[in-house]
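Step one of this worksheet: look at the structure below.
Protein chains: 2
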Amino acid sequence: MQDGQDIGYDVPARVGMAEDEVQTPALIVDLDAFEANLAQMRDDCAAMGVALRPHGKMHKCAEVALRQVAMGATGICCQKLSEAEAFARAGLRDVMVTNQVTDPLRIRRLARLAGQVRVSVCVDDAANVAELSRAAVAEGVTLEVLVEIDCGSGRCGVTPGAAAVALARAVADAEGLSFAGLQAYHGGAQHIRDADERAVTVAGVIDKARKTVSALEAAGLPCGVVGGGGTGTYPYEGRSGVYTELQCGSYAFMDADYGRVRDPEALGVGRYRQALFVLSSVISTARAKGGVCDAGLKALAVDSGLPVVSGLPGVVYAGASDEHGLLDAPQGAVRLNQRVRLVPGHCDPTVNLYDWIVAMRGGRVEALWPVTARGKLY
Amino acid sequence: MQDGQDIGYDVPARVGMAEDEVQTPALIVDLDAFEANLAQMRDDCAAMGVALRPHGKMHKCAEVALRQVAMGATGICCQKLSEAEAFARAGLRDVMVTNQVTDPLRIRRLARLAGQVRVSVCVDDAANVAELSRAAVAEGVTLEVLVEIDCGSGRCGVTPGAAAVALARAVADAEGLSFAGLQAYHGGAQHIRDADERAVTVAGVIDKARKTVSALEAAGLPCGVVGGGGTGTYPYEGRSGVYTELQCGSYAFMDADYGRVRDPEALGVGRYRQALFVLSSVISTARAKGGVCDAGLKALAVDSGLPVVSGLPGVVYAGASDEHGLLDAPQGAVRLNQRVRLVPGHCDPTVNLYDWIVAMRGGRVEALWPVTARGKLY
């Protein structure tokens, strides 16, 4: 690769480059922090006696997923079928789609994927169970199916208890399907800032899961897997005695929103280091209040707030437009072409903006990882 | 392409498919509306006697840019160098980077690009002018340089008047550079909802541009180009007698935020039709309040508000999470697998999420256009 010929256009960096040379905005991962995060979650899960199936929707990167599996994860979660297809192509052998697959063409794709790797999927609708069964039979595969309950999000999932038992019975009776267990995840609970409020919410989630697992057992439908939990709540689910497999995602990279949880030490969250940054450059210092950097709405998700500037006291990311970020700073505190590390508010949709992760160690680029499932929304 | 084999994973659709078969979420463009929008802007600019250089940062799609040029546009604007590189690779011969290019490696790339196609760039810093000059000389090219003024955004650009003249003088005196004119764009003005407030703001912008152009002329530095204006304000700049080239972008596709401008008829905005939609599918109807669709934060930019549901009275997009959208609807108003057209709040960062534009006419897929410069942020 010739200097300046492909760098920037095709890739944002080259192995061995210093951070100041990386073409920006770029998504960088601090490998020391990342590896420590993976080890911490492995150790936590081992101590609690639960399995870990990390969520690939956060990183969408096969290099990350393969490292998670190499460190003991049972497989990977995906939120979209095309994500699962991308991970399977990249060598992952066990993918769970923690979502409903209902479109006819998508169901056929799912059944085909189950002929290649181990696949599980969630349901919350009886007609969908029948469609999945027909496709599995047509393709000559067995699909592992989890019944999803609504444990408080008000999103997907059937009502805990009897409705879940009826749906699980339909799965167990359907040709080509195998009843694999229960999916009981509450996304909103991950980000509740107050410790007591979060504890109460998670207790409700666990209670719904526990009662449904009991009802299923009483109906002769034992759960092989009870899955759920995220970076913000996993110690609760992990110690509950109900959950068998945790689905944390953010812990590997972390973000500014998790940084705003008020009792990080009491929770698992405090055990994880910020590994993910958007590296940006100052492209203008013409404004009196500071400078302008090259990372705006196309470089950072702002749904959970503006990014936080890392390591530059007094410098504040004060506003985002499509391609610009306003950096408020004292006179002379930022200079043209200076690199600025930004901690994104929300890791998942930020990672999904990039084709490459620039993996850094000791201030140098160690590797470039493709974001395998970027834009795989289907 | 085999049915269900590549569809969804590699591409969201196939030519000839009905809208209900498109794998979702997908970015669709209504070709009739799109073509009408392109014709309307061409006619408006012709009537006002100004040139049009549409902004490619909105669509990032060479198929769109080539159609704009075929209909008389002088060239294309880009906001990032890698966007310009991508458009040049795709056959565009005249690209203006309406932004500062300051990183040393990026400057070398810019100079190289100028050896292949016509390139212009903006400056707001004297040291940057010197760097651009060195690179142009080293590469044996001439870079056309516009001086950017801050006309009220408080972002990039020098103070109008004397500072702009001094910088233009530096450009004109620098080897390898040619002083091309003035860049005077106010992004925030595009989205001011109130007609009077917007008129006052734009009048201020035009006044700053006019005085700077006069000062430059008085200094013997006539502006070949005075560029700026956007979809929300272009009739003002177009009729000002100051601007020579308009840089509108959104008019080709439009979005929900432009739909919220309060006096669309008085403005150009009312002349443009909504051509861009995120096509989504209902994947769950388990919740009592309506359904859940498959387009969330990774499928839609929410910086300018949640998307608006098109053509389904009573159905409201009420909340976005990473991969889900909550559709509040009366009982029975949405059904599983139903396709829902969503008008995104903000077109630019929404388009940047997708690898493909699905071009539709009369309810059928007519073409698949790659989003050429997607993720080209560098």
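Chains as they are written, first to last, in our numbering: chain A, 6 to 383; chain B, 6 to 383. C-beta: ideal position from N, C-alpha, C; glycine also. Predicted, not measured: the structure shown is a model, and the values here were computed from it.
Presumed contact (8 angstroms Cβ cut-off) between residue i and residue j, rounded CB distance
i                  : j                  : result
Thr-217 of chain A : Pro-165 of chain A : 5 angstroms
Lys-65 of chain A  : Arg-379 of chain A : 6 angstroms
Glu-24 of chain A  : Leu-284 of chain A : 7 angstroms
Cys-127 of chain A : Gln-105 of chain A : 6 angstroms
Gly-310 of chain A : Asp-262 of chain A : 7 angstroms
Val-287 of chain B : Gly-273 of chain B : Rounded, the Cβ-Cβ distance is 36 angstroms, inconsistent with contact.
Thr-147 of chain A : Gly-186 of chain A : 15 angstroms between Cβ atoms; not a contact.
His-196 of chain A : Thr-206 of chain A : Not really, about 11 angstroms apart at Cβ, beyond 8 angstroms.
Val-122 of chain A : Leu-97 of chain A  : 7 angstroms
Ala-364 of chain B : Asn-42 of chain B  : Ala-364 of chain B to Asn-42 of chain B, Cβ: 14 angstroms. No contact.
Leu-358 of chain A : Ala-325 of chain A : About 13 angstroms; that fails the 8 angstroms criterion.
Leu-331 of chain A : Arg-160 of chain B : 7 angstroms
CB contact check: residue i to chain B, cutoff 8 angstroms
i                  : result
Lys-216 of chain A : no
Tyr-256 of chain A : no
Val-30 of chain A  : Note on identity: in this sequence residue 30 of chain A is Pro, with Val being the wrong assignment. So, interface residue.
Gly-9 of chain A   : Bear in mind that a pLDDT of 46 at Gly-9 of chain A, under 50, signals an unreliable position, so the model cannot answer this.
Tyr-383 of chain A : yes
Ile-33 of chain A  : no
Ala-291 of chain A : yes
Leu-110 of chain A : yes
Tyr-14 of chain A  : yes
Leu-221 of chain A : no
Glu-90 of chain A  : yes
Gln-336 of chain A : no
Gln-84 of chain A  : yes
Gln-425 of chain A : Since the first residue of chain A shown is 6 and the last is 383, residue 425 of chain A is not available in this structure.
Thr-107 of chain A : yes
Residues that DSSP places opposite residue i in a beta bridge
i                  : result
Ile-81 of chain A  : A:Val-100
Phe-39 of chain B  : Paired residue(s): none; Phe-39 of chain B is not in a bridge.
Gly-186 of chain B : B:Leu-151, B:Val-230
His-60 of chain B  : B:Cys-82
Phe-282 of chain A : A:Ile-33
Leu-373 of chain A : A:Val-363
Ala-23 of chain B  : B:Arg-369
Test: residue i CB closer than 8 angstroms to a CB of chain A
i                  : result
Gln-279 of chain B : no
Pro-354 of chain B : yes
Met-6 of chain B   : Summary for Met-6 of chain B: the model assigns pLDDT 36, below 50, so the residue's position carries little reliability, and this model does not support an answer.
Glu-40 of chain B  : no
Leu-331 of chain B : yes
Ile-81 of chain B  : no
Val-176 of chain B : no
Glu-144 of chain B : no
Ser-245 of chain B : no
Glu-24 of chain B  : no
Gly-96 of chain B  : no
Pro-227 of chain B : no
Ile-288 of chain B : yes
Gly-380 of chain B : yes
Leu-341 of chain B : yes
Ser-87 of chain B  : yes
Residue i Cβ short of 7 angstroms to the ligand MN heavy atom set
i                 : result
Val-69 of chain B : In terms of ligand content, the structure shown is empty, and the ligand MN therefore cannot be addressed.
Below-8 angstroms beta-carbon distance, residue i vs any chain D residue
i                  : result
Tyr-239 of chain A : Here chain D cannot be found, since the structure's protein chains are A and B.
**Secondary structure, alpha helix (DSSP H): runs of 4+ residues fully inside the stretch 85–151 of chain A** = 86–94, 109–119, 131–144
**Within 8 angstroms of chain A by C-beta, residues of the stretch 302–327 of chain B in sequence order** = In summary, the residues of the stretch 302–327 of chain B whose CB is separated from some CB of chain A by less than 8 angstroms are Leu-302, Lys-303, Ala-304, Ala-306, Val-307, Asp-308, Ala-325, Ser-326, Asp-327, in the order they occur in the chain.
**Message:** Which residues of the stretch 112–141 of chain B have a Cβ closer than 8 angstroms to any Cβ of chain A? Give them in chain order.
**Reply:** For the stretch 112–141 of chain B, which is checked against every Cβ of chain A, the residues closer than 8 angstroms are Arg-113, Arg-114, Arg-117, Asp-129, Asp-130, Ala-132, Asn-133.
**Asked** For the stretch 328–359 of chain B, which segments carrying the beta strand (DSSP E) assignment without a break, of at least 3 residues, lie completely within its bounds, in sequence order?
**Response** 330–333, 344–348
**Message:** Give me the subset of the stretch 45–78 of chain A whose CB atoms are less than 9 angstroms from a CB atom of chain B, sorted by chain position.
**Reply:** Lys-62, Met-63
**Message:** Threshold first: 3 residues or longer. Then list the beta strand (DSSP E) segments lying entirely within the stretch 220–251 of chain B, N to C.
**Reply:** 230–233
**Asked** Quick one: complete beta strand (DSSP E) runs, 3+ long, within the stretch 287–328 of chain A?
**Response** 295–298, 313–315, 321–325
**Message:** Residues of the stretch 187–204 of chain B in Cβ contact with chain A at a cutoff of 7 angstroms, in chain order, please.
**Reply:** Gly-192
**Message:** Under 7 angstroms, CB to CB, which of the residues in the stretch 148–169 of chain A have a partner in chain B?
**Reply:** Asp-155, Gly-159, Arg-160, Cys-161, Gly-162, Val-163
**Asked** Enumerated in chain order, which unbroken segments of the alpha helix (DSSP H) with a length of 4 residues or greater are wholly contained in the stretch 157–181 of chain A?
**Response** 167–178
**Request:** Check distances from the C-beta atoms of the stretch 343–376 of chain A to those of chain B and list, in chain order, the residues that come in under 7 angstroms.
**Result:** Asp-353, Pro-354, Asn-357, Leu-358, Tyr-359, Asp-360
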